[in-house]
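Report on the structure given below.
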Amino acid sequence: MRKWVSNFLISTGLLVFLYVVFQHGYKFYLEKKILSDTVDTAEALLPPGVDTVQKGVAKDMRLVIPKLSLDVPVLQGATEDNLRVAVTHLEGTGRVGVVGENSVILGHRSFVTGQFFSELDKLQEGDTFTITSSSSEFEYEVIEQKIIDPTDVSVLSAIPEESLVTLITCHPRYSSKQRLVVVAKQKG
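Reading the sequence shown from the start, the letters are residues 739 to 926 in my numbering.
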């Protein structure tokens, strides 16, 4: 009887361990697929002929969203490697702090390797965030949150008298079917 109980406990422990490993592996697979879909969509959003080598885009930017307890580097270029470790400035979109430009920042709703834009849906109209670099700091106020299809390029548009930042992530969580978009304008 004792041997049966010990074998049962060992087997149960092994099954629980294998289940956890499988779940983690499956989530990693989903994350990789969503990252790949996000990069493909980002590349497709840019109109043909857009110069992706930009002058005047700070290389040491950080996005700080106090409401989400988020302080993360903003890397240049929406690649799988960059999206896995930070948020990224979509090449070919505007520069931060420049009137008449819309700087688009992509972030993953990471569920294996980090948080990034996991809580982006909590930002509401009137919330603020900053984008900093070694030479400047810009404060932005959220003016809109919406859900769009991945092919909707209207979110890349600028407003002539405004400096915009548009934050984009996948929606719903664990899916790349739609995009959650938060648009903010520079304060002051």
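Quick reminder that beta carbons are idealized off the backbone N, C-alpha and C, glycines included.
Inset, instruction - Mind checking which residues open and close the alpha helix (DSSP H) that includes glutamate 818? - result: Residue mapping note: residue 818 aligns to position 80 of the sequence shown, counting from 1. Note, glutamate 818: alpha helix (DSSP H), 818-823.
Inset, instruction - Kindly indicate the opening and closing residues of the beta strand (DSSP E) around glycine 801. - result: Walking along the sequence shown from the start, residue 801 turns up at place 63. According to the sequence shown, residue 801 is leucine rather than glycine. Boundaries of the beta strand (DSSP E) harbouring leucine 801: 800-803, taken from the DSSP string.
Inset, instruction - Apply the 10 Å Cβ neighbour rule to glutamate 899 and answer buried if 16 or more other Cβ atoms are within range, or exposed otherwise. - result: Along the sequence shown, read from residue 1 onward, the residue named residue 899 stands at position 161. Glutamate 899 is exposed by the Cβ-count criterion.
Inset, instruction - Any chance you could list the beta strand (DSSP E) runs of at least 3 consecutive residues sitting entirely within the stretch 827-859, in chain order? - result: 840-844
Legend entry - Buried versus exposed, by CB contacts within 10 Å (16 or more), leucine 844: Taking the sequence shown and counting its residues from 1, the one referred to as residue 844 is at position 106. Leucine 844 is buried by the Cβ-count criterion.
Legend entry - Rounded separation between asparagine 840 and threonine 831 - CA only: Locating residue 840 in the sequence shown gives position 102, counting from the first residue. Locating residue 831 in the sequence shown gives position 93, counting from the first residue. Cα to Cα, asparagine 840 sits roughly 6 Å from threonine 831.
Inset, instruction - On a CA-only basis, which of Ile881, Val743, Lys741, Leu752 is nearest leucine 905? Give me that one, please. - result: Residue numbering aside, residue 905 sits at position 167 when the sequence shown is read from its first letter. That would be Ile881, whose Cα lies nearest to the Cα of leucine 905.
Legend entry - For glutamine 862: DSSP bridge partner residues: For this step, residue 862 is matched to residue 124 along the sequence shown. Partner(s): none; glutamine 862 has no beta bridge.
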